[in-house]
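Quick note: the sequence shown uses this note's numbering, first residue 222, plus one each step. Have a look at the structure below before the remarks.
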Amino acid sequence: MNRTPLRPRRLTLAGMALTAGALLITAPATADTTRPDATTHPLVVVVDTPWEEIVPMDKAAHSNGIWVSDVGQTDLTDVTVTIDASALKTVSDDVDVPCDPDGDLIGVCHGIGPVRRGVPVRVGAVRVGRPKTSAAGLSRQVRITASGGDGSHGMQRYTVTVREAGQVFDRAANARERLAPGGTLPLPGGFTNFTRTALPAVEVRLTLSPGLSLTERFRNCVWEREQTRWTTVSCKVRGPFDPLSSYDLDLGTVRADTDAMRESIGYEVGLWSSGNAHSSPMGNQRAGDGPDELTAVPRSSAATHLRTDAKVQHPLRTAVDVANTADFAVTGTTLRGRPGDVVRAEFTVRNLGPGSRSATPKEESGNYDSLWLSVPPGVTVVHAPSTCYGHKTDRPSARPPLREPGLGGPKGRGYGCGSPSPLGNYLAAGKELRYVFEFRVEASGDLRPGFVTTLYREGDPRPKNNTARVEVKER
């Protein structure tokens, strides 16, 4: 079977080193020289990644390409490559090997060629799917050999390692839940110890967005309300927790406030150490005063809500959509004065409720902030708030050019204003953001209006009040 020669995706310095090493290993040494002659055909086997590292729960499959190259003087037309990946049986139940019809993870690829000098030919790829839990901390080798009909040969090995990922939170509420205002949601939990070490205790940490609260006050947990209104719950859960084993938690229920809207729950677990201790909560920290302690039990096969798609590099998270709306409104104004007068004006963005929320990802991806002011042509800004970025144009621009007025700069024709609140762009029902500007009335006689608008638009039940006019009246 002939295969069309292809160049490898990456023959890096590592691949060059493999080539040099193969020359030293496979070329027959003589008293005169070690350089291949016209009758010797050393083969070089190259792999994409000599050291392949994967992590438990990684849903993405990893493929490692295998290449063969002839470094002799004459082309080879019939090369056999044998790939022995049988050691990967202990790593994953989802392994594919080229030329392996019986599935024993030993593939024998015949008739590869022509293999020309200096032109690597791709044989195929070894693919490894999700690792087994029991494989954490293990390393296994794949052995590849190549041989030609004239006795030329080459050999290479590479290693597949399953990294110990520590403790991973892998059981929680569904990735997206829906609630009514004031409703509750049962909160299952659980984690796996992806190490080969027994643990005496772990720290379980929950983060709740402003509209959510945990109904159980476990006595081995500490509650902390941040300035941003997010709540962190940190619990010391006693073990022991065996290596490569999974455990489940009953976190009680979470309640949505009456103004909750776009909420989320974050889950983390890690090794407990003395640095995690909260024996004497201080400031806004409060120890749990409930009758129960949060405990973990070995996971049963009947456990539900298992998040097998979790990325071990990121905390697990549940989005909670509460059936609520938020009506955001802006206030305009009329600037009155004679040419040369400086007029003060205040603009507001107010959340009329009933829901409270932050900006959505779609809103944040826009090119202006909580408030956008398009300055009327008949006035000039002489003072702008420090959180407002001045632009030379009266419309939001994706990429502001250099030497714009910038934050708080005067003489801009448009201003994008960020939130002055420590809560960022979270705006609770009944609250407002205020921006005070000073304008100088010009003698141009151009009395066309400007406008103010807000990024809070998605799902707004009254979109018309998202924008208001800024009028200019000469006295």
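No residue lacks a Cβ here, since even glycine has one placed at the ideal position from N, Cα and C.
Nonlocal neighbours in the same chain, by C-beta distance under 8 Å from residue i, ignoring five residues either side
i    : result
K685 : none
T436 : T405, G473, T474, V475, R476
T449 : P431, P643, L644, G645, Y647
P556 : Here the sequence assigns Leu to residue 556, which means Pro is not the residue at that position. Excluding residues within five positions, the ones whose Cβ falls inside 8 Å are V564, A566, P597, V600, F660, V662, V691, E692, V693, K694.
Straight-line Cα distance separating residue j from residue i
i    : j    : result
V302 : L465 : 36 Å
F568 : T554 : 8 Å
G334 : D299 : 5 Å
G637 : D590 : 5 Å
S579 : V268 : 48 Å
L429 : R399 : 15 Å
R559 : V602 : 15 Å
D562 : F660 : 8 Å
T675 : E585 : 11 Å
R224 : R678 : Reliability fails at R224, whose pLDDT of 40 lies under 50, so the model's placement of it is uncertain and the value that follows must be treated cautiously. Going from the Cα of R224 to the Cα of R678 covers about 57 Å.
G635 : G666 : 20 Å
G511 : W272 : 50 Å
P598 : A396 : 49 Å
N646 : A664 : 38 Å
P402 : V543 : 6 Å
T552 : N687 : 9 Å
W288 : T366 : 11 Å
F439 : G358 : 34 Å
A235 : T270 : Unreliable placement is indicated for A235, whose pLDDT of 36 sits below 50; the coordinate value is still reported in the next sentence. Those two C-alpha atoms are separated by around 9 Å.
P352 : V381 : 11 Å
G345 : A394 : 41 Å
P617 : A650 : 27 Å
C456 : T516 : 10 Å
A356 : P582 : 38 Å
G324 : A308 : 13 Å
G639 : R655 : 11 Å
P682 : D478 : 20 Å
P631 : F549 : 27 Å
S494 : T416 : 16 Å
Beta-ladder partner(s) of residue i, from DSSP
i    : result
R338 : D291
G411 : R392, D469
G350 : Bridge partners of G350: none, in fact.
R661 : V563, T601
Q506 : E445
D305 : I327, R364
R399 : D542
V383 : I275
R578 : L648
E484 : V541
T690 : Here residue 690 is Arg; the residue named in the question, Thr, does not match the sequence. DSSP, once it has assigned bridges, lists F672 as partnering R690.
C-beta atoms of residue i and residue j nearer than 8 Å
i    : j    : result
R338 : G293 : yes
S467 : T413 : yes
R378 : V312 : no
L594 : V673 : yes
H526 : P409 : yes
G680 : T546 : yes
A571 : E653 : The sequence given here has Arg at residue 571, not Ala. Yes, these two residues count as a Cβ contact at 8 Å.
A508 : V458 : no
V342 : V336 : yes
P643 : G629 : no
N441 : E514 : yes
R696 : P670 : no
L427 : E484 : no
I304 : V363 : yes
Own chain, CB closer than 6 Å to residue i, minus 5 neighbours either side, in chain order
i    : result
G491 : Q388, E424
R384 : E274, V276
S368 : T301, H374
G576 : D480, M482, N545, T546, A547
G350 : A282, S313, D315
Q506 : V443, E445
V662 : G558, P560, D562, V600
T452 : L429, R446
D296 : P335, R337
A540 : R397, S485
D317 : R348
P536 : G487, E489
Close beta carbons around residue i, own chain, < 7 Å, minus the five adjacent residues each side
i    : result
L420 : N414, G460, P461, F462, L492
V518 : Y468, D469
A524 : R392, G411, D469
N285 : V268, D269, T270, E273, A346, V347, Y379
V657 : R565, E567, P606
G627 : Y610, G611
P407 : T474
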